[in-house]
Structures are given as structure tokens and as C-alpha cells.
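What follows is one structure encoded as C-alpha cells, with my remarks underneath.
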């Protein structure tokens, strides 16, 4: 049988859930600082990853998603030459906003969240 079924992990503590949520919401630093959407989750994850495996998992997930969003934004900027990049960038921004909020709420509830369409570079 699967080890996870025999030995389920205990639910994350309130503190771990809160830090996992902060890892996701740290991406909003990109609204204040250039590259804040990458640096916020990276710094929080590096500082708090040893607190709980849940924080480590969600911090990596948040960072991977923000890396994917940054790469997609670069593609959108390149596509602005042929005009399609403008609506794509707006759609990307809206999707990133909504998915980040959903991820933060799920993390605060103690549920693991995996972003769709995310390239998982940090393992």
C-alpha cells in the first residue's frame, strides 16, 4: 500500500498555514518593486522553508508560478510588436491575480494548491 495512506501527514499548524499563505501573497510585492513578484516568494520561502514541510511545498509552488508568469510576460512583451501581446498581457495579469488569491486562500485553509499552467523549475 501507499505510505501516504498508511501514515497520513498531520495537518499543518496555523502558523505554517499562515506562512504558506504569505509565500503566495508575497507576489503582490511586484506591484510595488520591480521583480518583487519573484523576490517576495523567493525570500519568504528561503527564510521559512524549514518551519514546516507545508511551507516548503507551497513556497516552491508560489515561486515556480511567479517564474512562469514572468516568462509568459516576456513573451507577451515580444508579441506587442504584432499587437496581440497587449490583450495577452492583460489576460495574464488577471489570471495571475486570481490564481494567486485562490492559492493563498487554499494555503491558509491547510490545503496544498498546485497552480495550473506552471513550469516547475524549483524542485
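Numbering (the numbering used here), first residue to last: 407 to 529.
We put the CB at the ideal spot given by N, CA and C, even for glycine.
Computed from a predicted model, the values in this text were never measured in an experiment.
Beta-carbon spacing of residue i, residue j below 8 Å
i	j	result
residue 433	residue 472	yes
residue 469	residue 440	no
residue 530	residue 482	The requested residue 530 does not occur in the structure, where the chain is confined to residues 407 to 529.
residue 476	residue 495	no
residue 516	residue 416	no
residue 491	residue 500	no
Best match in the options for proximity to residue i [C-alpha to C-alpha]
i	options	result
residue 511	421, 467, 479, 428	428
residue 435	503, 422, 460	503
residue 423	497, 452, 513, 431	513
residue 528	444, 420, 517, 480	444
residue 474	489, 505, 425, 462	505
residue 431	520, 522, 508	508
residue 460	525, 437, 524, 421	421
residue 455	426, 476, 480	426
residue 521	418, 486, 489, 466	466
residue 462	519, 487, 488, 489	519
Residue i CB to nearest heavy atom of the ligand SAH below 7 Å
i	result
residue 511	Absence of the ligand SAH from the depicted structure is noted, as is the absence of any ligand whatsoever, leaving it without description.
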